[in-house]
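J.: Protein chains in written order, with our numbering: chain E, 1 to 219; chain D, 1001 to 1347.
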Amino acid sequence: MRLIVARCSVDYAGRLSARLPSAVRLIMVKADGSVLVHADGGSYKPLNWMNAPNHVEEGEGRWTITNPKGETLVITLEEVLSDSSHDLGTDPGLDKDGVEADLQVLLADHPGEIEEGMTLLEREYATDIGPVDLLCRAADGQVVAVEIKRRGEIDGVEQLTRYLEFLNRDPLLAPVRGVLAAQAIKPQAKTLAADRGIGCVEVDYDALRGIESNVLRLF
Amino acid sequence: MLSRATRAIGTRSPLPILQGVLIEVTGKTMRVTGTDLEVTIRTDLEVEVLEEGTTVIPARLASEAVRKLPPGAVVLQAADGEVEITGGGPQFRFRELPADDFPKIAEPDLTGAVEVDGNAFASALSQVAVAASNDDARPILTGVFFESEGGSLRMVATDSYRLAVRDLPSMEAELSGLVPVRALRELKRTVGASTLRVAIGAREATFASDRGTLTARLIEGTFPNYRQLIPESYPNRVTLDRDALLDAVDRASLVAEDHIPVRLMLQEGGVELSVIRQDVGGETEHVPADYAGQEMTIAFNSRYLNDGLSVVDGDEVVLDLMDPLKPGVLRGTGSDDFLYLLMPVRL
């Protein structure tokens, strides 16, 4: 991660033209090549940026960043106040929301709360496109992929759709159906899920925690 | 030997080459290697060599093909990107996988290896492996922990609901490490033999016999401090016939699902075992037993109880208890080599 604090102006040409007049800003160049220009405000959102893949041409007082779409970001550096690089190493990724992780543990212990007669085959079932939260077997013997969210939204349905498409290629598992389990599921997500034959189950977190207290652990 | 090496191969490897086994023919020996990069199994066989060479073939297909050939000699011949497997008439041809893509795997490191009775070792492993977790979300719990303990080799496994501890006496070896249970479960079927050499290094554990070698990458991390989980004394003790209790739990399991516990009402003269499932029904029975302690009812997960009873030594078992919310310890009477600690379920 390279961090440059500099007085600079920025010109963007692509889908539209935009110019940031001269001011002191933070330029971030990430290890993947993406370049972001931040002001001292505006929370996480940069004023301008260019995602990787791109090409950075670092000239004297002038950087030209281009990408395959033909967009160009030109940063004119007037005064560099600080220029430092840091190796951040491999990022461990974002920890799942506490409630979501808890829900996964609870539902893994009590798959019958998702559907009557359902049993757990594997938690965090690994696939090439990411782990499926729970892989279960329904009372009728069919394999069921369960995606667990705190709030069920359209992206959860999309994610489960991708898993189902992948899992159904495995003749040992197919046919696999899907269930989106969440504390609350938005109507749009329910509609999309129904359209794709995916079940939706709203689970009561507090009630599940009550059940869990019966299951004692050594540590 | 093909099927033994194939047991190291994962079903969902992202690398296509890992669906193959490496076959190396040199001198008078054919070596077959299968790996998923975590577990590697090598098997050697003396063969009649017409021409030396190396190839990688699809593991499961080749293994099944050889298995289905009529009894007798099998010929493997690689040429023009294909491997021909023939024997007794049938002729299979499989496309070779690129041998250069097969990962370079270091020779098994048997430095400091100790020789153990393979059958005793496998038997001890099978006793503790039941308590290991299959949940990859907690990798530390998916291994068997080896350590030296008072002149014994100790094996420990826990999934946080139960804990199994087994001592193999008269083993002064300094072996220590956390070995994936997945690898250990393959040990008997792959390189298991009456004599086994075991080495646990800084990164890998190696098990070798005249049938081949199995190497497993150790699980990194600190194994839970299991000693503090084992109570020092118990005020209540029930002694009963192992098979009688096992049969009773087995019958109760018909009704109990995984999350419905089996209740044991402990009283003088025996144990009233029962299971109640609201929407289905229930089962009750009396199991004769000697009980010394306060009357109490304790409940256990039927599968976990069954697992412990299935692996405990002896015809008679002892279940030591403190109270209905503290772990119980199952042992064979007169045997201190193995204990199975089991957390109850709150009623």
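Glycine included, every Cβ here is placed at the ideal spot set by N, Cα and C.
Rounded C-beta distance between E/I22 and E/E71? I'm assuming under 8 Å.
T.: One point to set straight first is that residue 22 of chain E is Ser, not Ile, in the sequence displayed. Going by Cβ atoms, the distance from E/S22 to E/E71 rounds to 22 Å, so no, they are not a contact pair.
J.: Shortest alpha-carbon distance to D/P1224 belongs to which of D/T1043, D/L1163, D/D1250 and D/D1101?
T.: Selected option, being the one with the closest Cα: D/L1163.
J.: Taking the alpha carbon of E/A207 as the reference point, which residue from E/G199, E/Q183 and E/P187 has its own alpha carbon closest?
T.: Residue E/Q183 is the option with its Cα nearest to E/A207.
J.: Anything in chain E within Cβ reach of D/D1135, meaning under 7 Å, just list it in chain order.
T.: Under the 7 Å cutoff, chain E gives R123.
J.: Reducing DSSP to helix, strand and coil, say where D/V1345 ends up.
T.: Three-state DSSP puts D/V1345 in a strand.
J.: So D/A982 and D/Q1091 are supposed to be a Cβ contact under 8 Å. How far apart are they, rounded?
T.: Since the displayed chain D opens at 1001 and closes at 1347, residue 982 of chain D lies outside it and no answer follows.
J.: Any beta carbon of chain D sitting closer than 9 Å to that of E/R217?
T.: Interface residue, yes.
J.: Which residues in chain C have a C-beta closer than 7 Å to the C-beta of D/P1327? List them in chain order.
T.: Here the protein chains are E and D, and chain C is not one of them.
J.: Looking at the structure shown, is D/T1043 part of a helix, part of a strand, or coil, going by DSSP?
T.: Residue state, collapsed to three classes: strand.
J.: Checking the sheet assignment: what are the DSSP bridge partners for E/L218?
T.: Answer is none; E/L218 lacks a bridge partner.
J.: Name, in chain order, the residues that DSSP records as bridge partners for E/S17.
T.: In the DSSP output, where bridge partners are listed per residue, E/S17 has E/A13.
J.: Output yes or no for whether 9 Å exceeds the beta carbon distance between E/P111 and E/C136.
T.: In this structure, E/C136 lies closer than 9 Å to E/P111 by Cβ.
J.: Mind the definition here: the stretch 1187 to 1206 of chain D touches the stretch 1263 to 1270 of chain D only if three or more C-beta pairs lie below 8 Å; say whether that holds.
T.: Flag = no, the stretch 1187 to 1206 of chain D and the stretch 1263 to 1270 of chain D do not touch.
J.: Hey, out of D/V1179, D/I1140 and D/A1132, whose CA is closest to D/P1157's CA?
T.: Note that residue 1157 of chain D is Ala in the sequence shown here, rather than Pro. It is D/A1132.
J.: Does DSSP classify D/F1223 as helix, strand or coil?
T.: If DSSP states are grouped into helix, strand and coil, D/F1223 belongs with coil.
J.: Are the Cβ atoms of D/L1365 and D/G1143 separated by less than 9 Å?
T.: The structure shown does not extend to residue 1365 of chain D, since chain D is modelled only from 1001 to 1347, so the question has no answer here.
J.: Starting from D/S1274, find everything on chain E with Cβ-Cβ shorter than 9 Å and list it in chain order.
T.: Result: empty, since nearest Cβ-Cβ is about 17 Å, beyond 9 Å.
J.: Let me check understanding here. Comparing Cα to Cα, which of E/A139, E/G141, E/R150 and E/G130 lies closest to E/E165?
T.: Cα-wise, what sits closest to E/E165 is E/G130.
J.: Is D/Y1340 helix, strand or coil by DSSP?
T.: Here D/Y1340 sits in strand by DSSP.
J.: Anyone know if the C-beta pair for D/D1320 and D/Y1226 falls short of 9 Å?
T.: Cβ distance not < 9 Å, so D/D1320 and D/Y1226 don't count as in contact.
J.: In chain order, which continuous runs of the alpha helix (DSSP H) of length 4 or greater are located wholly inside the stretch 58 to 125 of chain E?
T.: For the stretch 58 to 125 of chain E, whole alpha helix (DSSP H) runs of length 4 or above, ordered along the chain, are 98 to 109.
J.: What are the residues in the stretch 1272 to 1304 of chain D lying within 7 Å of chain E by C-beta distance?
T.: Hits within the stretch: zero.
J.: Just tell me which of D/V1116, D/T1215, D/L1330 and D/T1213 has its CA closest to the CA of D/A1173.
T.: Of the candidates D/V1116, D/T1215, D/L1330 and D/T1213, the one whose C-alpha sits nearest the C-alpha of D/A1173 is D/V1116.
J.: Mind listing the chain D neighbours of E/N214? Cutoff is C-beta to C-beta under 7 Å, in chain order.
T.: By Cβ distance, chain D contributes V1345 and R1346.
J.: Provide the residue span of the alpha helix (DSSP H) that contains E/E165, from first to last.
T.: That run of the alpha helix (DSSP H) goes I154 to L167.
J.: Quick one: list the residues of chain E neighbouring D/L1229, beta-carbon separation under 9 Å, in chain order.
T.: Within 9 Å Cβ-Cβ: L218 and F219.
J.: Consult DSSP for D/E1051 and reduce its assignment to one of helix, strand or coil.
T.: It is coil, neither helix nor strand.
J.: With distance defined between alpha-carbon atoms, name the residue in D/V1275, D/D1241 and D/A1205 nearest to D/E1220.
T.: The candidate whose alpha carbon is nearest that of D/E1220 is D/A1205.
J.: Let's see if you can read the secondary structure: which residues bound the beta strand (DSSP E) around D/F1207?
T.: E1204 to S1209 is the span of the beta strand (DSSP E), which, as asked, contains D/F1207.
J.: Name the residues in the stretch 1161 to 1181 of chain D whose C-beta lies less than 7 Å from a C-beta of chain E; which are they?
T.: If the cut-off is 7 Å between Cβ atoms, the stretch 1161 to 1181 of chain D has Y1161 and L1163 near chain E.
J.: Can you tell me the Cα-Cα spacing of D/D1315 and D/P1288, whole angstroms?
T.: Computed Cα separation, rounded: 14 Å.
J.: Could you spell out the range, first to last residue, of the beta strand (DSSP E) harbouring D/P1288?
T.: That run of the beta strand (DSSP E) goes G1281 to A1292.
J.: If you measure from the beta carbon of E/A189 to each beta carbon in chain D, is any gap under 9 Å?
T.: So no, E/A189 is outside the interface.
J.: Flag this pair as yes or no: are the beta carbons of D/V1039 and D/R1031 separated by less than 9 Å?
T.: Taking 9 Å as the Cβ cut-off, D/V1039 and D/R1031 do not qualify as a contacting pair.
J.: What residue range is occupied by the uninterrupted alpha helix (DSSP H) comprising D/N1119?
T.: That run of the alpha helix (DSSP H) goes G1118 to A1129.
J.: Check whether chain E comes within 9 Å of D/P1224, counting only Cβ atoms and requiring the distance to be less than that.
T.: Chain E, which has a Cβ nearer than 9 Å to the Cβ of D/P1224, makes this yes.
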